[in-house]
Amino acid sequence: MGVWREAALVVGKDLRIESRSRVAISQIVPFGLIVILLFAFALDPDRGILARVAPGLFWIAVLLAALLAIGRAFATEEQHRARDGLRLAGLDGGAIFLGKAAAIAVELLVLEVILGAGVVLLYDVNVHGIGILILTALAATIGLAATGTLYGVLAAGLRLRETLLPLLLLPVLAPVMLGATRAFEDGLEGAPGDAWPWVALLGIFAVLYTAIGVLAFGPLWEET
Amino acid sequence: MSGAGATHTVGRDRLLDPRVSRAFGWASLVSLVALGLFGLWGAPEDATQKEAQRLMYLHVPSAWLAYLAFGVTALASLLFLWPRTRSMVWDRLAGASAELGVLFTALTLILGSLWGRPVWGIWWAWDARLVTTAVLFFLYLGYLALRRIPTGDPVGAGKRNAIAALIAFVDVPIVHFSVEWWRTLHQKATVFNPQLSAHIHGVMALTLWIGVIAFTILYVYLLDRRYRLAALEDEMEQREVDLAIAARVGTPRDGGTAPDPVEVGR
Numbered sequence: 001m002g003v004w005r006e007a008a009l010v011v012g013k014d015l016r017i018e019s020r021s022r023v024a025i026s027q028i029v030p031f032g033l034i035v036i037l038l039f040a041f042a043l044d045p046d047r048g049i050l051a052r053v054a055p056g057l058f059w060i061a062v063l064l065a066a067l068l069a070i071g072r073a074f075a076t077e078e079q080h081r082a083r084d085g086l087r088l089a090g091l092d093g094g095a096i097f098l099g100k101a102a103a104i105a106v107e108l109l110v111l112e113v114i115l116g117a118g119v120v121l122l123y124d125v126n127v128h129g130i131g132i133l134i135l136t137a138l139a140a141t142i143g144l145a146a147t148g149t150l151y152g153v154l155a156a157g158l159r160l161r162e163t164l165l166p167l168l169l170l171p172v173l174a175p176v177m178l179g180a181t182r183a184f185e186d187g188l189e190g191a192p193g194d195a196w197p198w199v200a201l202l203g204i205f206a207v208l209y210t211a212i213g214v215l216a217f218g219p220l221w222e223e224t
Numbered sequence: 225m226s227g228a229g230a231t232h233t234v235g236r237d238r239l240l241d242p243r244v245s246r247a248f249g250w251a252s253l254v255s256l257v258a259l260g261l262f263g264l265w266g267a268p269e270d271a272t273q274k275e276a277q278r279l280m281y282l283h284v285p286s287a288w289l290a291y292l293a294f295g296v297t298a299l300a301s302l303l304f305l306w307p308r309t310r311s312m313v314w315d316r317l318a319g320a321s322a323e324l325g326v327l328f329t330a331l332t333l334i335l336g337s338l339w340g341r342p343v344w345g346i347w348w349a350w351d352a353r354l355v356t357t358a359v360l361f362f363l364y365l366g367y368l369a370l371r372r373i374p375t376g377d378p379v380g381a382g383k384r385n386a387i388a389a390l391i392a393f394v395d396v397p398i399v400h401f402s403v404e405w406w407r408t409l410h411q412k413a414t415v416f417n418p419q420l421s422a423h424i425h426g427v428m429a430l431t432l433w434i435g436v437i438a439f440t441i442l443y444v445y446l447l448d449r450r451y452r453l454a455a456l457e458d459e460m461e462q463r464e465v466d467l468a469i470a471a472r473v474g475t476p477r478d479g480g481t482a483p484d485p486v487e488v489g490r
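Chains Y and X are the protein sequences, given in the same order. Quick note: the first sequence, position 142, residue 142 per our numbering, numbers continuous. Take any residue in the second sequence, count from 1 to its spot, add 224: that is its number in our numbering.
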């Protein structure tokens, strides 16, 4: 079996678990939406602050919800010793990484569409430059999913992993947060030209951490 | 396999010869006193920043040390991951160096903040270098938190730690460039303008160099001490395990493998 085919099997498995357990849609998405709502409580909704800082708030909500999704992706492997089963299946480590990361990316993209709609409706944002927004979201999501999967397996099986994961992930994701927010700002302000360097940065980040993940996941998966 | 594995997992229990280590200790003390004398009295008062500028003699060496320490962590992690050089020596070294790195990053931020208040009028500025340093601090704080979680398998934990250190290290230039872009695309540098970063001469430069040398010697000394502590911790853990096994089994099997309980009890 090729690596892609093995990865497709893992994606199928993880997405099937999510579609049956509905944790992502019944818990993680509502969590993201309540965060969007809380920002309106924290920042006065009448003075147009929300619309101005909408890109940053959107990505913070995505980031927080992503932490839950990543924790969840590895919690499912802990139950019923599923991890041992997956290990015994003889799949390539890199393929498992790509599969798990892709499943997280798909979940995050769904989350981003819903939260994006929430931000547009609740914060009264005028959407311009939809193309650059989609590209930014794709690049940022791949970077998020790759680093998340990498740190997910790093913390898997450890005591205290629930509290450790955010501390490990958030500093590494600082450039993603920065790049995605600036690119969204530029896109919404109708200056997509300014957004390109940020999209390139997000792309480099995504490629780099996907490559590290493919290389490092195997050894980590065997150790933990 | 087990023989090779044992040397791999334990490694040497000292980084430096005790006499060399003591020499570094005294040398760091002497050079820090020299730095204190030059920094407080030897160097002239700065024309624009007044006395606050003297904090730079600690701030700049701290920043240098933080980067040196994180570089050593990355290098030691690479050496641990490479099978031919794998040894707990590198894992301990990486951990010890990262601790010093975090300590001196914190010191850099605190000293910079104390300096910023009188000179800039603010405790904190959203300057590229400041933000990068702050992110760096949290990156390695996470790494240390990961290291602190006990596992039963030192080599497995070592691999995990080494990979985590390298992931963090790879992120540093990306953080640096993204923050640099962020601050330069949106506002021109207001803080590090040419007037403030004026050239330094003579005794001021000399003092700065004394600081860098003193801190580097101090780093080697502290690294050695921290390494020794980690080695002793590992040994204690190993002895406790051996003792527990011996207690379970009754008497130590074939003599030399388990330690003598009397000796351990001392």
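By construction, the Cβ of each residue, glycine as well, lies at the ideal position given by its N, Cα and C atoms.
- Looking from the CA of Y/Ile70, the closest CA among Y/Ala117, Y/Asp186, Y/Thr149 belongs to Y/Thr149.
- Under a criterion of Cβ atoms nearer than 8 Å, the residues of chain Y adjacent to X/Arg384 are, in order, Leu154, Leu220, Glu223, Thr224.
- The Cβ atoms of Y/Tyr151 and Y/Leu178 lie no closer than 8 Å to each other.
- When Cβ-Cβ separations below 8 Å define contact, X/Gly435 makes no contact with chain Y.
- Using a Cβ-Cβ distance cut-off of 8 Å, the region 392-411 of chain X and the region 329-349 of chain X are not in contact, since fewer than three pairs of beta carbons, one from each stretch, lie closer than that value.
- Here DSSP, grouped into helix, strand and coil, assigns Y/Asp186 to helix.
- DSSP places X/His283 inside the alpha helix (DSSP H), whose first and last residues are 280-305.
- Those residues of the region 93-113 of chain Y placed with their C-beta closer than 8 Å to a C-beta in chain X do not exist.
- Take X/Leu239, set aside five residues on each side of it, and the residues of its chain with a beta-carbon closer than 6 Å to its own are Asp448, Tyr451, in chain order.
- In the DSSP assignment, X/Thr309 falls outside any alpha helix (DSSP H), carrying neither H nor E.
- For the pair Y/His128 and Y/Gly190, the Cα-to-Cα distance works out to about 6 Å.
- The C-beta of X/Ser402 comes closer than 8 Å to at least one C-beta of chain Y.
- When the Cα atoms are used, Y/Leu111 and Y/Ala61 turn out to be separated by approximately 10 Å.
- Each residue's CA atom was taken as its position, placing X/Leu467 and X/Val473 some 10 Å apart.
- Residue contact check for Y/Ile25 against chain X: no CB pair falls below 8 Å.
- DSSP places X/Asp315 within a helical segment (H, G or I) once states are collapsed to three.
- If you check the CB distance, Y/Ala65 and Y/Leu122 do not come in under 8 Å.
- Of all alpha-carbon atoms in Y/Ala174, Y/Glu185, Y/Lys13, the one lying nearest the alpha-carbon of X/Val359 is that of Y/Ala174.
- Under the 10 Å beta carbon count, Y/Leu220 is surrounded by 16 or more other beta carbons and is classified as buried.
- Counting along the chain, the unbroken alpha helix (DSSP H) around X/Ala352 starts and ends at 352-372.
- Collapsing the DSSP output to three states places X/Asp466 in a helix.
- The alpha-carbon of X/Trp406 is positioned some 44 Å away from that of X/Asp458.
- Taking all protein chains shown into account, Y/Asp14 has 16 or more neighbouring C-beta atoms within 10 Å of its C-beta and is therefore buried.
- At a cut-off of 8 Å, the C-beta of Y/Gly179 has a neighbouring C-beta in chain X.
- Two segments are said to touch when three or more pairs of C-beta atoms, one from each, lie closer than 8 Å; by this definition the region 327-334 of chain X does not touch the region 259-279 of chain X.
- By the criterion of a C-beta distance shorter than 7 Å, Y/Leu201 is surrounded in its chain by Pro175, Gly179, once the five residues flanking it on both sides are discounted.
- Taking each of Y/Val125, Y/Leu108, Y/Leu50 in turn and checking the Cα distance to Y/Gly143, the smallest one comes out for Y/Leu108.
- The Cβ of X/Val444 sits no closer than 8 Å to any Cβ of chain Y.
- Secondary-structure assignment with DSSP links X/Lys274 through a beta bridge to X/Asp270.
- Under the three-state reduction of DSSP, X/Met428 is assigned to helix.
- Y/Ile96 counts as buried, since no fewer than 16 other beta carbons sit within 10 angstroms of its beta carbon.
- In the structure shown, X/Ala330 adopts helical secondary structure according to DSSP, grouped into three states.
- Taking the CA atoms as reference points, Y/Ala73 sits about 26 Å from X/Pro378.
- One alpha carbon belongs to Y/Leu138, the other to Y/Ala102, and they sit about 12 Å apart.
- Cβ neighbours of Y/Ala206 within its own chain (closer than 7 Å, five residues either side excluded): Ala139, Ile142, Gly143, Ala146.
- Distance check between Y/Leu68 and each of Y/Ile28, Y/Ile34, Y/Glu78, Y/Asp186 places Y/Ile28 closest, using alpha-carbon atoms only.
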